[in-house]
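**Student:** Add 691 to a position in the sequence shown, counting from 1, and you land on the number used in our numbering.
Right, I'll just put the structure down here and ask away after.
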Amino acid sequence: MNMKTASSLNKRLFRWSLSEIRHGQLWPVSIALTLIIACIFALTALAERMEQVVVKQGKDALTADTVFISSNPIPESLIIATEQQGLVTSKQTRFATMAFSDTSMKLVMVNSIDSQYPLRGELLLSNGSDTVTHVNPGELWLDERLFAQLDVKVGDSVTLGDADFIVSGRIVEEPGLSFNPFRQIPSAFIHESDLEKTGAVQLGSRVRFALFINGEDTAINAVKEQVTLTPSERWRDQNSASRTNEVFQRTGQYLSLTVAIVVIMAATTLVLTCQHYVSTRKKTIAMLKSLGASRAWIGRWLSIQVLILLGVAAVFGVAIGIGLEVVLRIPLVDLLPNPLPTYGISPAVIAIMTSVLIAVPALGIPLLGLLNVSAANVMQSSSDYESGKSYRWLVVVPLLPMLVAYYQNTMVWIVLGGMLVLFFVLAVLSLLITRSIAKMPLKPAVKLALSRINRSTVATGIQFGALALSLMLLAVMWLVRTDLLTDWKRTLPADAPNAFALNIAPYERDAYLSALDQNGIARSNDYPIIRGRLAEINGEDAKEHAQGGEGTDALRREINFTFASAIPSYNEVLDGAWTDSNGVSVESDVASDLGLEIGDDLTFVINSQQVSARVNSIRKVEWRDMKPNFYFIFTPDVLVNIPATYLVSFRLQDKDNGLINQLSRSYPTVSLMDIRSMGAKIQQLLTQIVWSITVLAALGVVAGVMLIFTLLRLSLGQRQSEIQLYRTLGASKKRVTQTIWAEYGLMALIAGIIAALGAELVVGALMKFGFDLSPTLHYSIWLALPILTFLTLALVVNSMIKRLLIPINKAFS
């Protein structure tokens, strides 16, 4: 009997809890928890797969887990060390030489490889009927362009150095292909066993030796520790970088930032909703206690509500998270591994545990305080509820895991720091603005609204701060997305050059450029190219000035120099000014890495000759625009006695294919690089990633609007008694409605403007310190935020206006 009674009571308690959730306005808690779980689940699952893409893409570009590169033959000690660690290796010898056919000749980049190459990525070779992936002894595989340039076909003879080869077929896809046009001399592949008979590698030859290594990171690191690098040696791994990886890494950063903001907004909604629930249920708890309900029984009743909310949120959150991850993954389907690895239950566990950790202080502090409400509150309110302050230590519960999860994420801490500071700044600014407006001659409804706003400084300041901060977070999330997309579009602009012609001899220059111009090909200026090396800075060895970083690549190898009468218009001068003689302009990253300043004297070695020039300017170069760019640009007098070849970039259309073949035949010594296929791949990649972050940003907007809706609804709800009193005292519906719109309209306008200012500051800091990009102003957000707030306000007012305008005497009748 007792068991039946207990079961019956539990069922009633459960049904009563459901009713309380519905009528007590606790349902937004479940929505907020659902959003938190869905976002964290989707990001955790997607981040795991994105990480695989980044690592795979980086290693495929290297064709191995790591690569040892040297200007000298691979040391035998290194080969022995890799064998001892059980690592898989492959050798490559890379050098430039002339290829001769019966009718033509062409400079080619010969890759002498073993049968293991590549260890990662794909090498696709076709003989017209079959496709193979490895090179065998005696074979010669040519870049597609060389068939036209050398006027050969499969089965014809081609000479490399002292050796004659029969053309085996064409290179369909080459792994690790660089996007640097200066390095894209047409490729030829031979087997390492055929290298010696070419006789092309002699003492003093410019050769690159590479050892590709695959294996566990610990074993690779053990090998690296045994090697002391010389100036001509270096290691490369997937962290050494590609600009495509940079896009992936910034995408991951943005996803983390967006989810953090969504979680913050959803958690704030959680706290506000629960606080409102507590404020409206103190009398209910007091009445239950006066009727004999024990503290334990009330705690049980509240716990059932919390468990119902968490259970519903977990089910719907995981379900939405699975769907969201699929939506975010759809545009990346061509980039992700196939088949996809399963992500197991870890994303669900992480998402649910995160929501629970957030719920502990958000729900625990107010609800535990609610248990302490005295039965005497039925007759008169007391401060018993304030004892909930003793549970504020629960805030530590989600903060500690957050410190562990985000301690290295600069952007998240910028946002959080901005939140703490800007909450007070936004609140104070809003109050100052409203007090200033109150001094102006205004309509009665507006004066009444301002009087109401300015009556309670603390409460109004909190309202303004919370609303402005919510709008600011929403704007930050959207503006960061916009700035990232703007930056990524520069990776390959729509009008970017997609072909480069190098090694144009001086006597061919005018005719080659004329051929492009006559066919209506949009091209850049032609630039003289001279290869050399930076040797000294102010009379000291340049290597002593190296401070690490990408720019020090200028010291590791010979690089391309040019001279001109002025700095290219697409380079931004950061310091100094162009001079007419004895000058050199330096790219900003190189200047930073080498500590170069205006007026420094630089000495270069070019064709065994020494030339000197003084730094006259420092330029910012956007390498991703695919235009001819250089580390060093000299005034013409410095290099006047040194022979040069020429470079020009231009943009091709499909209709120009015939012209390309004609140019290849007419100018066989000119290296023509057609990178249209690469450009298409980059554009596709960017389009896919843009879609993913837009979907997540849209979800963030939903969370932001829900928070703003909750803020406005709770604020109006707190005004219900006051508004009903106005109606009881005879105020017309029109006057009350005008006052409500004036009050909250002013609040929306002021909070929107202040939020736009805060968003500009935070986004500027994020761009500069988080993404290493230049901040920009966003004029549209100054209009968009107030409009968004007004629209949300309209939804709130329309949903509550009838209930608000009921006079007190009718409300209780």
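Note that CB positions come from ideal geometry on N, CA and C, so glycine has one too.
Since the structure is predicted, the reported quantities are computational estimates derived from the model, not experimental observations.
In chain order, what residues of the same chain lie with their CB nearer than 6 Å to the CB of I1515, ignoring the 5 residues before and after it?
**Tutor:** For residue 1515 there is no data in the structure shown, the boundaries of the chain being 692 and 1504.
**Student:** Please classify P1327: does DSSP put it in a helix, a strand, or coil?
**Tutor:** Translated into the one-based positions of the sequence shown, residue 1327 becomes position 636. Note: P1327 maps to helix in three-state DSSP.
**Student:** Give the straight-line distance between the Cα atoms of N1210 and V1453, rounded to the nearest whole angstrom.
**Tutor:** What you label residue 1210 is simply residue 519 of the sequence shown in a count that begins at 1. What you label residue 1453 is simply residue 762 of the sequence shown in a count that begins at 1. Rounded to whole angstroms, N1210 to V1453 spans 50 Å at the Cα level.
**Student:** Buried or exposed: N802, going by 16 or more other Cβ atoms within 10 Å of its Cβ?
**Tutor:** In the sequence shown, the residue the question calls residue 802 occupies position 111. It counts as buried.
**Student:** Considering only the alpha carbon of each residue, which of A1159, L1133 and K1138 lies closest to T1480?
**Tutor:** Taking the sequence shown and counting its residues from 1, one reaches residue 1480 at position 789. Selected option, being the one with the closest Cα: A1159.
**Student:** Spatial neighbours of T850 within its chain, please: C-beta separation below 6 Å, excluding the five flanking residues on both sides.
**Tutor:** Within the sequence shown, numbered from 1, the residue matching residue 850 stands at position 159. Closer than 6 Å at the Cβ level, and outside the excluded window around T850, lie F791.
**Student:** Between which two residues does the alpha helix (DSSP H) harbouring P828 extend?
**Tutor:** Within the sequence shown, the letter at position 137 stands for residue 828. Element bounds for P828: n/a, residue is neither H nor E.
**Student:** With DSSP collapsed to three states, give me the class of K797.
**Tutor:** Here residue 797 refers to the residue found at position 106 of the sequence shown. It is a strand residue.
**Student:** For a test of the three-state rule: what should DSSP assign to I1366, helix, strand or coil?
**Tutor:** For the purposes of this step, residue 1366 is identified with residue 675 of the sequence shown, where counting begins at 1. Correct three-state label for I1366: coil.
**Student:** Confirm, please, whether the CB-CB distance from S1205 to F1341 is below 8 Å.
**Tutor:** Looking up residue 1341 in the sequence shown gives position 650. Looking up residue 1205 in the sequence shown gives position 514. No. Outside cutoff.
**Student:** Going by C-alpha distance, which of L1054, N1189, E1278 and L1141 is nearest Y1435?
**Tutor:** Residue mapping note: residue 1435 aligns to position 744 of the sequence shown, counting from 1. Comparing Cα-Cα distances from Y1435 to each of L1054, N1189, E1278 and L1141, the minimum goes to L1141.
**Student:** Is the stretch 815-830 touching the stretch 758-767, taking contact as three or more C-beta pairs under 8 Å?
**Tutor:** No: the two stretches stay apart, fewer than three of their Cβ pairs being nearer than 8 Å.
**Student:** On the criterion of 16 or more Cβ atoms from any shown chain inside 10 Å, does M1044 qualify as buried, or is it exposed?
**Tutor:** Position 353 of the sequence shown holds residue 1044. M1044 is exposed by the Cβ-count criterion.
**Student:** CB G1008 to CB F732, shorter than 8 Å?
**Tutor:** Walking along the sequence shown from the start, residue 1008 turns up at place 317. Walking along the sequence shown from the start, residue 732 turns up at place 41. Yes, they are a contact pair.
**Student:** Going by DSSP in three states, I862 sits in which element: helix, strand or coil?
**Tutor:** Position 171 of the sequence shown, counting from 1, holds the residue named residue 862. Here I862 sits in strand by DSSP.
**Student:** In angstroms, rounded to a whole number, what distance separates the CA positions of G1455 and L1113?
**Tutor:** As a first step, residue 1455 must be located in the sequence shown, where it is residue number 764. As a first step, residue 1113 must be located in the sequence shown, where it is residue number 422. Approximately 14 Å between the Cα atoms of the pair.
**Student:** Which word fits E883, buried or exposed, when buried means at least 16 other C-beta atoms lie within 10 angstroms of its C-beta?
**Tutor:** For the purposes of this step, residue 883 is taken as the residue at position 192 of the sequence shown. That one is buried.
**Student:** Taking 8 Å as the threshold, find out whether the stretch 1466-1478 comes into contact with the stretch 1188-1196 through three or more Cβ pairs.
**Tutor:** With the cut-off at 8 Å, the stretch 1466-1478 and the stretch 1188-1196 do not touch.
**Student:** Give me the DSSP bridge partner(s) of N1251.
**Tutor:** For the purposes of this step, residue 1251 is taken as the residue at position 560 of the sequence shown. DSSP output for N1251 lists R1222 as bridge partner(s).
**Student:** So what does DSSP say about R703, is it helix, strand or coil?
**Tutor:** The count along the sequence shown starts at 1 and reaches residue 703 at position 12. Correct three-state label for R703: helix.
**Student:** How long is the line joining the alpha carbons of F786 and V918, rounded to whole angstroms?
**Tutor:** Along the sequence shown, one-based indexing puts residue 786 at 95. Along the sequence shown, one-based indexing puts residue 918 at 227. Cα to Cα, the separation comes out at about 24 Å.
**Student:** Return the chain-ordered list of same chain residues with a C-beta closer than 6 Å to the C-beta of L1133, the five sequence neighbours on each side being excluded.
**Tutor:** As a first step, residue 1133 must be located in the sequence shown, where it is residue number 442. Within the same chain, L1133 has no close Cβ partners at all.
**Student:** If you draw a straight line from the C-alpha of S1078 to the C-alpha of V1047, how long is it?
**Tutor:** Within the sequence shown, numbered from 1, the residue matching residue 1078 stands at position 387. Within the sequence shown, numbered from 1, the residue matching residue 1047 stands at position 356. Low local confidence applies: a pLDDT of 47 at S1078 is under 50, so the model's placement there is unreliable, with the coordinate-based value given in what follows. Whole-angstrom Cα-Cα distance: 23 Å.
**Student:** Taking just the CA atoms, how far does V1361 sit from G797?
**Tutor:** The residue you call residue 797 lines up with position 106 of the sequence shown. The residue you call residue 1361 lines up with position 670 of the sequence shown. Residue 797 is actually Lys in this sequence, not Gly. In a straight line, the C-alpha of K797 is about 8 Å away from that of V1361.
**Student:** With a 10 Å radius around its C-beta and 16 neighbouring C-beta atoms as the bar for buried, classify T949 as buried or exposed.
**Tutor:** As a first step, residue 949 is located in the sequence shown; it is residue number 258 there, counting from the start. Answer is buried; the Cβ neighbour count reaches 16.
**Student:** If you reduce the DSSP assignment to three classes, tell me which class V1149 lands in.
**Tutor:** On the sequence shown, residue 1149 is found 458 positions in, with the first residue counted as 1. It is helical.
**Student:** When you compare only the Cα positions, how much space is there between I995 and A977?
**Tutor:** Looking up residue 995 in the sequence shown gives position 304. Looking up residue 977 in the sequence shown gives position 286. Distance between the alpha carbons of I995 and A977 is about 19 Å.
**Student:** Apply the 10 Å Cβ neighbour rule to T794 and answer buried if 16 or more other Cβ atoms are within range, or exposed otherwise.
**Tutor:** As a first step, residue 794 is located in the sequence shown; it is residue number 103 there, counting from the start. Under this definition T794 is an exposed residue.
**Student:** Taking 7 Å as the limit between beta carbons, can you name the residues of its chain near L679, skipping five residues before and five after?
**Tutor:** Only positions 692 to 1504 of the chain appear in the structure, and residue 679 is not among them; the question remains open.
**Student:** Closest by CA to I1525, which one among P877, S781 and T960?
**Tutor:** A query on residue 1525 cannot be resolved here, the shown segment of the chain reaching from 692 to 1504 and no further.
**Student:** To the nearest angstrom, how far is the alpha carbon of D1075 from that of F1460?
**Tutor:** Along the sequence shown, read from residue 1 onward, the residue named residue 1075 stands at position 384. Along the sequence shown, read from residue 1 onward, the residue named residue 1460 stands at position 769. In this prediction, D1075 has a pLDDT of 46, which is less than 50 and means its spatial position is unreliable; what the coordinates show is noted afterwards. In a straight line, the C-alpha of D1075 is about 47 Å away from that of F1460.
**Student:** Specify the secondary structure class of S981 as computed by DSSP and reduced to three states.
**Tutor:** The count along the sequence shown starts at 1 and reaches residue 981 at position 290. It is helical.
**Student:** Taking 8 Å as the threshold (C-beta atoms), are A1439 and L1402 in contact?
**Tutor:** Position 711 of the sequence shown, counted from the start, is the residue given in the question as residue 1402. Position 748 of the sequence shown, counted from the start, is the residue given in the question as residue 1439. Not in contact: L1402 and A1439 (Cβ atoms no closer than 8 Å).
**Student:** Three-state secondary structure (DSSP) at A1257?
**Tutor:** In the sequence shown, residue 1257 corresponds to position 566, counting from 1. A1257 falls in the coil class under three-state DSSP.
**Student:** Does the Cβ of G1240 have 16 or more other Cβ atoms within 10 Å, making it buried, or fewer, making it exposed?
**Tutor:** Start at 1 with the first residue of the sequence shown, and residue 1240 comes out as number 549. Only weak support exists for where G1240 lies, its pLDDT of 42 falling under 50; the value from the coordinates is given anyway. Exposed, since its Cβ has fewer than 16 Cβ neighbours within 10 Å.
**Student:** Hey, quick one: how far does the alpha helix (DSSP H) through E1313 stretch, first residue to last?
**Tutor:** What you label residue 1313 is simply residue 622 of the sequence shown in a count that begins at 1. Counting along the chain, E1313 falls outside any alpha helix (DSSP H), and DSSP gives it neither H nor E.
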